[in-house]
Every structure is written in C-alpha cells, then in structure tokens.
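Before any comments, here is the structure.
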Amino acid sequence: MEIIIQPNSQQASELAARIVARTVREKPHAVLGLATGNTPLQLYRNLVRMHRESGLDFSGVTSFNLDEYVGIPPAHPSSFHSYMWAHLFSSINMPRERVNIPDGMTGDIPAACRKYEQAIRSAGGVDIQILGIGTNGHIGFNEPSSSLSSRTRIKTLTEETRLDAAAAFGGEEAVPTHVITMGLGTILDSKMCLLLAFGKKKAKAISLAAEGPVTAMVPGSILQMHPRAIFVLDKDAASDLKMADYYVWINEHKPDWQKY
Ligand code: PGA
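Quick note: the sequence shown uses our numbering, first residue 71, plus one each step.
Structure (structure tokens):
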C-alpha cells in the first residue's frame with residue numbers, strides 16, 4: 071500500500087482529485103466507486119472545479135456508491151442520494167442513468183444487493199474506489215467483525231457509527247439502525263482503492279488499518295491485501311503511524327513519472 075501524508079486536508083484532497091481526474095482522462099468510460107461523509111467533500115469540490123475550469127468530462131463515467139441507509143427515501147435530506155446530488159452530481163455532466171446508489175427503500179434487500187453486485191460486474195468493475203474510514207476502522211459500512219470477503223448486503227450499525235452520524239440526523243435516535251453496503255470483497259475487487267482520512271480523530275483507525283494485523287475487527291486493514299491501495303492523509307490522521315517518516319521520505323524521492 072502507498073501512504074501519502076500531506077500537510078492538510080486541502081492539499082490531500084487536491085492530490086486525490088488529481089488521481090481521480092487522471093483516471094477519468096485516461097479512461098473516459100471509467101467506473102468510479104464513491105463515498106459519502108465529511109471526508110470526500112473537498113475532493114468533490116475539486117472535481118467540480120476541474121469540470122468547470124478545465125472541462126473534466128464525466129459524460130461517459132459510471133458511478134457506484136458504497137452504501138445507503140435502510141428506510142431512508144432518496145429525497146430525505148440525510149440520505150446519501152441527497153448528499154451525492156448536492157455535492158457532486160448536480161454540478162458535473164454525469165448522466166443520471168449512470169449513477170448507482172443502493173436503494174434503501176427496496177422491498178427485497180437480498181435481491182437488490184445481488185442486482186447491485188451484478189450491475190458493478192456488468193459495468194466492468196470499479197476502476198477507482200474512493201473510501202473514508204470510520205473511527206472504528208469501518209470502510210463503507212462494513213463494521214468491525216464484517217467478513218473480509220463480504221459482498222453487498224444489509225448491515226447493522228454499531229453504536230459508535232450511529233453516534234458519529236447523529237449530527238446529520240439531529241440526534242442519535244433518528245439515525246437508522248440498518249444500511250446496505252458494498253462488502254469488503256466488493257471493495258477489494260476494485261482496481262484501485264483511494265482512502266482519505268483527516269484529523270486526529272482518525273489517527274488510531276489509520277494506524278491499525280495500515281500497520282496493524284489484517285483483521286475483521288479493523289475492516290480497513292483488508293486494504294493491506296489490495297494490490298493498489300493508496301491512503302491520502304493529513305498530518306493529524308497520520309500522527310499515530312510508526313513509519314510516517316519513511317512514507318514521507320518515499321514520497322519526496324519518487325521519480326517524476328511516479329508522481330501524482
Ligand atoms: P466521515 O466518515 O468522512 O464523515 O468521517 C467516514 C466513514 O465513516 O467512513
């Protein structure tokens with residue numbers, strides 16, 4: 071795995087946007103795996119800017135979001151559907167029919183999950199999967215104890231995750247208990263994983279995911295098994311990494327062709 075430490079979240083998000091933009095330029099029919107939450111907001115702002123200022127073209131792109139809350143309709147202000155339209159899709163030229171987000175209102179969750187997996191396969195697989203990480207080490211909504219080879223399915227949120235989401239719902243009681251999420255096996259199938267983490271709050275999860283053992287108790291640690299996983303961190307999120315100096319040194323000594 072590659073660990074890139076930037077001075078702040080702004081620079082980290084600019085770098086992440088360059089990686090995503092490069093994928094889209096090299097492959098106009100790229101398939102993007104998208105995440106929600108606070109972390110990718112600046113990345114999406116950068117992509118919108120690149121679309122406006124330098125014509126970054128999303129007209130051939132397909133996207134699959136990681137997850138959605140069960141029982142929350144797309145129009146709900148805290149749904150991940152609403153988030154994606156507010157922060158990205160309304161401001162770029164990606165055709166609506168190529169946007170895929172799990173349907174939290176489906177009457178048949180197992181069938182909808184199978185269909186989601188099938189749609190990812192039919193699209194040719196995810197070229198670049200954007201990820202955040204929970205304070206408990208989850209990626210997507212794969213909470214600790216998730217099977218390391220899980221596929222898209224229903225999950226029950228931990229109390230920690232529901233607390234982290236409380237602000238968006240105006241209180242913990244209003245946070246749904248269940249979600250549909252791509253599995254760890256689904257995420258591992260993507261060609262590249264780009265995980266972003268900012269702030270001291272994420273330092274422990276990052277050190278466990280990057281430098282701890284691979285374990286279902288830290289779902290993000292499965293990325294150690296991925297051939298192309300890139301962690302883009304700010305200084306605070308990297309502050310518990312034992313080998314931080316080495317990662318910085320690697321980045322400073324990259325040959326030009328390896329730079330993003
Ligand atoms: P955050 O969430 O970006 O809002 O911190 C990340 C996550 O829980 O995966």
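Glycine included, C-beta positions come from ideal geometry on N, C-alpha and C.
According to the DSSP secondary-structure assignment, residue 226 is paired through a beta bridge with 248. Listed by position along the chain, the residues with Cβ atoms less than 5 Å from a non-hydrogen atom of the ligand PGA are 107, 108, 109, 202, 204. Burial check for residue 270: the Cβ neighbour count within 10 Å stays below 16, so the residue is exposed.
Counting the other Cβ atoms within 10 Å of the Cβ of residue 151 gives 16 or more, which makes it buried.
Note on geometry: alpha-carbon atoms of residue 309 and residue 178 lie some 43 Å from one another. Listed in chain order, the non-local C-beta contacts of residue 287 below 6 Å within the same chain comprise 214, local neighbours out to five positions each way being set aside.
Its chain contains 254, 255 as the residues whose beta carbon lies nearer than 7 Å to that of residue 219, once the 5 sequence neighbours on both sides are disregarded; these appear in chain order. Looking at the backbone, the Cα of residue 211 and that of residue 225 are separated by about 7 Å.
Going by C-alpha positions, residue 276 is about 19 Å away from residue 233.
Contact between residue 106 and residue 153 holds, since their C-beta atoms are separated by about 5 Å, short of 8 Å.
Of the candidates 114, 115, 137, 169, the residue whose Cα lies closest to the Cα of residue 129 is 169. Taking 8 Å as the upper bound for CB-CB distance, residue 202 and residue 110 are in contact here, some 6 Å apart. Residue 263 has 199, 299 as its beta-bridge partners, per DSSP.
One alpha carbon belongs to residue 242, the other to residue 156, and they sit about 23 Å apart. DSSP, read as helix, strand or coil, puts residue 103 in strand. Annotation: the continuous alpha helix (DSSP H) that includes residue 277 extends over 273-281.
Between residue 136 and residue 94, the C-beta spacing is not below 8 Å. CA-CA distance, residue 283 to residue 78, rounds to 27 Å. For the 8 Å CB-CB criterion, residue 209 and residue 250 do not form a contact. DSSP places residue 243 in no beta strand (DSSP E); its state is neither H nor E. Secondary structure of residue 133 (DSSP, three-state): strand.
Of the other Cβ atoms in all chains shown, 16 or more fall within 10 Å of the Cβ of residue 132; this residue is therefore buried. Taking 8 Å as the upper bound for CB-CB distance, residue 205 and residue 230 are in contact here, some 6 Å apart. For residue 72, the three-state secondary structure derived from DSSP is strand.
Annotation for residue 163: 121, 127, 128, 129 place their beta carbon closer than 8 Å to its own, counting only its chain and skipping 5 residues before and after. Rounded to whole angstroms, the separation of the alpha carbons of residue 314 and residue 167 is 42 Å.
Around the Cβ of residue 252, a 10 Å sphere holds 16 or more other Cβ atoms; the residue is buried.
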